[in-house]
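> Just passing along the structure, written as structure tokens.
Protein chains: 4
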Amino acid sequence: MRAALLLQCPDRPGIVAAVGRFVAETAAGNIVEADQHSDAIAGSFLQRVEFDTDRALGELAGAFTPIAERFGMTWELHDLARSARLVVLASREGHCLGDLLVRCHLGELRASVVAVVSNHPDHEALAARFEVPFHHLPIGDDREVQEAELSDLLGRMTPDLVVLARYMRVLPEWLVERWPNRMINIHHSFLPSFAGARPYAQAHDRGVKVIGATAHYVTATLDDGPIVAQQVLPVSHRDDPTRLSRRGRDIESVVLAEAVRLHLERRIVVYGRRTAVFD
Amino acid sequence: MRAALLLQCPDRPGIVAAVGRFVAETAAGNIVEADQHSDAIAGSFLQRVEFDTDRALGELAGAFTPIAERFGMTWELHDLARSARLVVLASREGHCLGDLLVRCHLGELRASVVAVVSNHPDHEALAARFEVPFHHLPIGDDREVQEAELSDLLGRMTPDLVVLARYMRVLPEWLVERWPNRMINIHHSFLPSFAGARPYAQAHDRGVKVIGATAHYVTATLDDGPIVAQQVLPVSHRDDPTRLSRRGRDIESVVLAEAVRLHLERRIVVYGRRTAVFD
Amino acid sequence: MRAALLLQCPDRPGIVAAVGRFVAETAAGNIVEADQHSDAIAGSFLQRVEFDTDRALGELAGAFTPIAERFGMTWELHDLARSARLVVLASREGHCLGDLLVRCHLGELRASVVAVVSNHPDHEALAARFEVPFHHLPIGDDREVQEAELSDLLGRMTPDLVVLARYMRVLPEWLVERWPNRMINIHHSFLPSFAGARPYAQAHDRGVKVIGATAHYVTATLDDGPIVAQQVLPVSHRDDPTRLSRRGRDIESVVLAEAVRLHLERRIVVYGRRTAVFD
Amino acid sequence: MRAALLLQCPDRPGIVAAVGRFVAETAAGNIVEADQHSDAIAGSFLQRVEFDTDRALGELAGAFTPIAERFGMTWELHDLARSARLVVLASREGHCLGDLLVRCHLGELRASVVAVVSNHPDHEALAARFEVPFHHLPIGDDREVQEAELSDLLGRMTPDLVVLARYMRVLPEWLVERWPNRMINIHHSFLPSFAGARPYAQAHDRGVKVIGATAHYVTATLDDGPIVAQQVLPVSHRDDPTRLSRRGRDIESVVLAEAVRLHLERRIVVYGRRTAVFD
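Protein chains in written order, with this note's numbering: chain E, 1 to 279; chain V, 1001 to 1279; chain P, 2001 to 2279; chain G, 3001 to 3279.
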């Protein structure tokens, strides 16, 4: 098995040595990749170790628990060989959805899309091309009804990651809080600029010379969660909102796919409102 | 003389033909560069024509006035051969100031720095190296005293452009309004993100993966004027505010110099809160 | 009909006026977009005009011929509303193919893929998902046999554009010359660096800090045709050839799709070994 | 003293532990930064450790020698607090020279320019502004005479680093070989494209859509040494060689200054034709 251990704790001497011994001795592991970060301002230490081992995940987790307790660690241990289950939420724009479906098909992402959910019927055919069940959950008179249906559906699908691939509805706090650090959204601006609705129109109105796209974990506050990846591209006065929207699509797809890959390869440590990305 | 004509007006047929006849016939001019933009949303037409002519600027301006009135134009006519007078305001950080001094020395910018003004004494030696008068205007108990001195000094220096090269004080509205579209500031973030104080600390706190720099005309509202140029660079969790600050310097210098060049070559049309940059 | 007129000729007075009259009077057209370029070094004038008209393409072409002859123009007139026929050639890597199939499906490109051809069987399933015929043309003992089959197939499919989407075989001169400026290749380097085989290995060996991707029209000389679009991304010593290859994929897909879009929207004028891209 | 230890050797177990003990015990050092790289293809291990210590450099070097021998290391140990001596060579273009002078003046680079040498007299005044001796070594009938004078001068100045800041003459092999990994050149293209003379003209002729600048250590083969830093910027058919040259200047200055900084902070390990940059 190839495993990834992610951890964070207050910085103090001895952590690297203790983790090193755990991997070498307890796991009889062979380190493939190791990276770490000391955040002097927060006083935090963060580490990611990727290693090959013959031991079982449960056994390793049991053995690591006392080490974690000693250093006050928040930690995760993952089997990287396991293919992840994605649920993708989309609305009218299909480019991010299509991109994810192709990447899963080609094996670029170690994952399969187990369901596509949308408040619009538009992309049923696209999902069908990849033999992925499509769930149309339109928003009727009472949006809470749809939110409850969506939450039930997510619960039944047991996804490892929920991907908001240009899903254009704000999710209620109670729903978001069920998927902490397991729900990634693509927002079509370089956050924190232009949070909320119609970011390309906002960008045009403000007259910026650069637009962007941001992939972030979803939290209860809209477009405010920890940022995983961002990309930008230069624009000019010739780019009206329609053209901004067309040109921005390419970076949206790429940034979202990048964030999903980083999550699936367990390269992200969230600490406070920030992320360390060990790539 | 090489001249630049900049204009904007409501879009309607006949503008290009009328301007073309003016340049060809009245100015007996030879067009070197011409560019235009129709903003369908604002219903505006914007144009820049650069041409060689033997006629005098005043004569041409007189002849253009009836055309401008017919189409309801806002317009400017400039002699591009004339070297401009810059006043540069700085505080503690000297990289933008140094960069502008070198560019003027080398003739990369058709301008000379006629004065450096600062609320700190730090860069007197740097100004002296380029034989530029340095004015130290410290901020004492009453900031309004310093603002009045600064305004007097600017008035006496008759600059074509006032450049805020990391000048870290907010200027009062009444002073800014004396230099409409003739005062350029560099802000060390990709506006509208992180306006105001300590943008690199803000960027670090928010955990963005991209930082930027923005050159904009100064208006009465802080960091809110029309954007002329922006650049960005990718960052990671390893970049603490000190490192962000160091890495950001290079794009600050380059973006500010770019904006000054665009202004001096009369390539910028401000309309509303936006700019068209004909480069 | 929305039409695009592309032309090039020796630069001299009167061209813009003549084209303007043709569009306004002969075509009774409404100009949507117009752009032009004078190349002072080559002495060439290039222009693109996009306009709406009720006249038929053949009629317009007939009326434009004498104007073109007067100025010695090379020119093309296209119906932009017509959906184009693409034939996509691929080998083992499927990301560019998948990306093009999704974009055609979503209508981002005004085109349909009428055939996928490959020297490997790998992507039959992907083509099938989009109901596109897949032609497996393996290279046996005599590569000339395969080349003849490929040429026959292209001839039968009557594509508007042949797209080499990471097709890893060099095509013979005689075949390439049948599709002048109608065959686009993606090469996974920033040409002219690293032409030929295994560009990521070459890039790693040379130790560059930037890699790139180049979309270009195919000519008889390998990787030497007119460049349409290029993109780059920063890399470090940590990027071994495998990782370069993975990271490069995203810019390959985006650059190739961009070049196909520019071709289909008839925004490219090839002159000599260079392109003007009116976007 | 703040010290930097740079090393490379065949990869095998025990290196990190041995280096760690050396810093902790022999140097009684406090690690400020540590980074490493295993190059699986070359079978090499590279490491940089930056640490504070009270021991003297000579003493530390003596103590490290047996460790280095045991692992077959190539290594360097530097005092980072020491200000370096730069000799800058330039020709007609002064932007890189001016940029370096300003950065040294401001303390952005921990170095002083001890001499400017040029085959043209143009930048004597610029050097004088910063009180740096200027040596005009024109190339007469016999270029070998000038090369001998240049070599003598470099020998006398005992620079830590020789910076070719757009010096437009090819240096002879014998001279280059006296300054291995201590002579940095800026070449105004993204190498390996457009080595040799007039890269912007070459870039224009080839019709690329991206231009670049490359800082590299100088070796006996022209424009072929290990690359330290590269940057690029997008261009279009509108950019003739003059405009390419103007636009390229900004990235030339920035890339060269970046390479000089990385060298002075001892962040570069050269191995084979490649560099690892621990920044």
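Just so it is clear, CB atoms sit at the ideal spot from N, CA and C, and this is done for glycine as well.
Give a yes or no on whether 7 Å exceeds the smallest Cβ distance from residue 3207 (chain G) to chain P.
One-based indexing of the fourth sequence puts residue 3207 (chain G) at position 207. Interface residue, yes.
> Distance, Cα to Cα, residue 1024 (chain V) vs residue 1100 (chain V)?
Counting from one through the second sequence, the residue named residue 1024 (chain V) turns up at place 24. Counting from one through the second sequence, the residue named residue 1100 (chain V) turns up at place 100. Taking the straight line from one Cα to the other gives about 37 Å.
> Run through the segment 3032-3097 of chain G for me and flag every whole beta strand (DSSP E) of 3 or more residues, listed as ranges in chain order.
Qualifying beta strand (DSSP E) stretches, in chain order: 3044-3052, 3074-3079 and 3084-3090.
> Would you mind working out which of G:3196, G:3264, G:3050 and G:3013 sits nearest residue 3186 (chain G), comparing C-alpha positions?
Taking the first residue of the fourth sequence as 1, we reach residue 3186 (chain G) at position 186. The shortest C-alpha separation from residue 3186 (chain G) is found at G:3196.
> How about residue 2237 (chain P): is its C-beta nearer than 7 Å to some C-beta of chain G?
Mapped onto the third sequence, residue 2237 (chain P) falls at position 237. Chain G contact via Cβ: present.
> Residues in the segment 3262-3278 of chain G with C-beta within 9 Å of chain V's C-beta atoms, listed in sequence order?
If the cut-off is 9 Å between Cβ atoms, the segment 3262-3278 of chain G has nothing near chain V.
> Suppose the cutoff is 8 Å on Cβ atoms and the five residues either side in sequence are ignored; what does the same chain contact list for residue 70 (chain E) look like?
Here residue 70 (chain E) corresponds to residue number 70 of the first sequence, with the count starting at 1. Closer than 8 Å at Cβ, skipping near neighbours: 18.
> Residue 3178 (chain G) to residue 1123 (chain V), Cα distance in whole Å?
Counting from 1 along the fourth sequence, the entry for residue 3178 (chain G) is found at position 178. Counting from 1 along the second sequence, the entry for residue 1123 (chain V) is found at position 123. Roughly 39 Å between the two C-alpha positions.
> Would residue 1232 (chain V) count as contacting chain E if we go by Cβ distances under 7 Å?
One-based indexing of the second sequence puts residue 1232 (chain V) at position 232. With 7 Å as the cut-off, residue 1232 (chain V) counts as an interface residue toward chain E.
> Given a limit of 7 Å on CB to CB distance, which residues of the segment 114-135 of chain E reach chain P?
Of all residues in the segment 114-135 of chain E, 126, 129 and 130 have a Cβ within less than 7 Å of some Cβ in chain P.
> Could you give the distance in angstroms between the alpha-carbon of residue 2193 (chain P) and the alpha-carbon of residue 3193 (chain G)?
Indexing the third sequence from 1 puts residue 2193 (chain P) at position 193. Indexing the fourth sequence from 1 puts residue 3193 (chain G) at position 193. One C-alpha to the other measures close to 5 Å.
> Look up residue 2262 (chain P) in the DSSP assignment and say whether it is helix, strand or coil.
Stepping through the third sequence from its first residue, residue 2262 (chain P) is reached at position 262. If DSSP states are grouped into helix, strand and coil, residue 2262 (chain P) belongs with the helices.
> Note down, in chain order, each residue of its chain lying with its Cβ closer than 6 Å to the Cβ of residue 2073 (chain P), except the 5 sequence neighbours on either side.
Here residue 2073 (chain P) corresponds to residue number 73 of the third sequence, with the count starting at 1. Closer than 6 Å at the Cβ level, and outside the excluded window around residue 2073 (chain P), lie 2007 and 2009.
> So residue 263 (chain E) and residue 150 (chain E) are in contact, right, with Cβ under 8 Å, and what is the actual spacing, rounded?
Numbered from its first residue, the first sequence carries residue 263 (chain E) at position 263. Numbered from its first residue, the first sequence carries residue 150 (chain E) at position 150. At roughly 21 Å, the Cβ-Cβ gap does not stay under 8 Å, so residue 263 (chain E) and residue 150 (chain E) are not in contact.
> Going by Cα to Cα distance, which pick from G:3011, G:3035, G:3014 and G:3113 is closest to residue 3005 (chain G)?
As a position in the fourth sequence, residue 3005 (chain G) is number 5, starting the count at 1. Per the Cα distances, G:3035.
> So, using beta-carbon positions, are residue 1266 (chain V) and residue 1277 (chain V) closer together than 7 Å?
In the second sequence, counting from the first residue as 1, residue 1266 (chain V) sits at position 266. In the second sequence, counting from the first residue as 1, residue 1277 (chain V) sits at position 277. Their beta carbons are not under 7 Å apart, which means residue 1266 (chain V) does not touch residue 1277 (chain V) by this criterion.
> Just how far apart, CA to CA, sit residue 2016 (chain P) and residue 2039 (chain P)?
Numbered from its first residue, the third sequence carries residue 2016 (chain P) at position 16. Numbered from its first residue, the third sequence carries residue 2039 (chain P) at position 39. Cα to Cα, the separation comes out at about 15 Å.
> Once DSSP output is grouped into helix, strand and coil, what is the label at residue 243 (chain E)?
For this step, residue 243 (chain E) is matched to residue 243 along the first sequence. Three-state result, residue 243 (chain E): helix.
> Check whether the Cβ atoms of residue 2090 (chain P) and residue 2118 (chain P) sit closer than 7 Å, and answer yes or no.
Against the third sequence, residue 2090 (chain P) aligns to sequence position 90. Against the third sequence, residue 2118 (chain P) aligns to sequence position 118. In this structure, residue 2118 (chain P) lies closer than 7 Å to residue 2090 (chain P) by Cβ.
> Across which residues does DSSP place residue 278 (chain E) in a beta bridge pair?
On the first sequence, position 278 is the one that residue 278 (chain E) refers to. None, per the DSSP bridge assignment.
> From the DSSP output, which residues share a beta bridge with residue 2 (chain E)?
Here residue 2 (chain E) is taken as the residue at index 2 of the first sequence, counted from 1. Note: residue 2 (chain E) sits in a beta bridge opposite E:52.
> Quick check: what's the CA-CA separation for residue 1146 (chain V) versus residue 1109 (chain V)?
By 1-based counting over the second sequence, the position of residue 1146 (chain V) is 146. By 1-based counting over the second sequence, the position of residue 1109 (chain V) is 109. Looking at the two C-alpha atoms, the distance is approximately 30 Å.
> So, for residue 3254 (chain G): in the same chain, excluding its five sequence neighbours on each side, which residues have a beta-carbon less than 7 Å away from its beta-carbon?
Indexing the fourth sequence from 1 puts residue 3254 (chain G) at position 254. Cβ within range, chain order: 3231.
> Between the alpha carbons of residue 3030 (chain G) and residue 44 (chain E), how many angstroms are there, rounded?
Reading the fourth sequence from its first residue, position 30 is the one you call residue 3030 (chain G). Reading the first sequence from its first residue, position 44 is the one you call residue 44 (chain E). So the alpha carbons of these two residues sit roughly 18 Å apart.
> Could you pull the start and end residues of the alpha helix (DSSP H) that residue 3204 (chain G) belongs to?
By one-based count along the fourth sequence, residue 3204 (chain G) stands at place 204. Residues 3199-3206.
> Return the first residue and the last residue of the alpha helix (DSSP H) that residue 1126 (chain V) is part of.
As a position in the second sequence, residue 1126 (chain V) is number 126, starting the count at 1. 1124-1129 is the extent of the alpha helix (DSSP H) around residue 1126 (chain V).
> Just to confirm, does residue 51 (chain E) get its C-beta within under 6 Å of one of the non-hydrogen atoms of the ligand COA?
As far as ligands go, the structure on display features none, and thus does not contain the ligand COA.
> Pop quiz: residue 274 (chain E) and residue 95 (chain E) are said to be a contact at Cβ under 8 Å. What is the actual Cβ separation, rounded to whole angstroms?
Walking along the first sequence from the start, residue 274 (chain E) turns up at place 274. Walking along the first sequence from the start, residue 95 (chain E) turns up at place 95. With a Cβ gap of about 28 Å, residue 274 (chain E) and residue 95 (chain E) do not count as contacting.
> Please report how far the alpha carbon of residue 2229 (chain P) lies from the alpha carbon of residue 1206 (chain V), in whole angstroms.
Reading the third sequence from its first residue, position 229 is the one you call residue 2229 (chain P). Reading the second sequence from its first residue, position 206 is the one you call residue 1206 (chain V). The straight-line gap from Cα to Cα measures roughly 34 Å.
> What does residue 45 (chain E) touch in chain V if you count any residue whose Cβ is under 7 Å from its own?
For the purposes of this step, residue 45 (chain E) is taken as the residue at position 45 of the first sequence. What residue 45 (chain E) touches in chain V: nothing, since even the nearest Cβ is about 12 Å away.
> Listed in chain order, which residues of the segment 1067-1099 of chain V have Cβ atoms closer than 8 Å to some Cβ of chain G?
So the list reads 1094, 1095, 1098 and 1099, given in the order they occur along the chain.
> Rounded to whole angstroms, how far is the Cβ of residue 81 (chain E) from the Cβ of residue 2 (chain E), which I believe are closer than 8 Å?
Here residue 81 (chain E) is taken as the residue at index 81 of the first sequence, counted from 1. Here residue 2 (chain E) is taken as the residue at index 2 of the first sequence, counted from 1. That pair is a contact at about 6 Å.
> For a contact meaning CB atoms closer than 8 Å, what does residue 1176 (chain V) contact in chain E?
Numbered from its first residue, the second sequence carries residue 1176 (chain V) at position 176. Going along chain E, no residue has its Cβ under 8 Å from residue 1176 (chain V), so there is no contact; the nearest lies around 18 Å.
> Taking the C-alpha atoms as reference points, what is the distance between residue 98 (chain E) and residue 2259 (chain P)?
As a position in the first sequence, residue 98 (chain E) is number 98, starting the count at 1. As a position in the third sequence, residue 2259 (chain P) is number 259, starting the count at 1. Whole-angstrom Cα-Cα distance: 20 Å.
> Mapping the DSSP letters down to three states, classify residue 2157 (chain P) as helix, strand or coil.
Counting from 1 along the third sequence, the entry for residue 2157 (chain P) is found at position 157. The answer is helix: DSSP assigns residue 2157 (chain P) an H, G or I state.
> How is the alpha helix (DSSP H) around residue 3139 (chain G) delimited, first residue to last?
Counted from its first residue, the fourth sequence places residue 3139 (chain G) at position 139. Segment: none, residue 3139 (chain G) is in no alpha helix (DSSP H) and carries neither H nor E.
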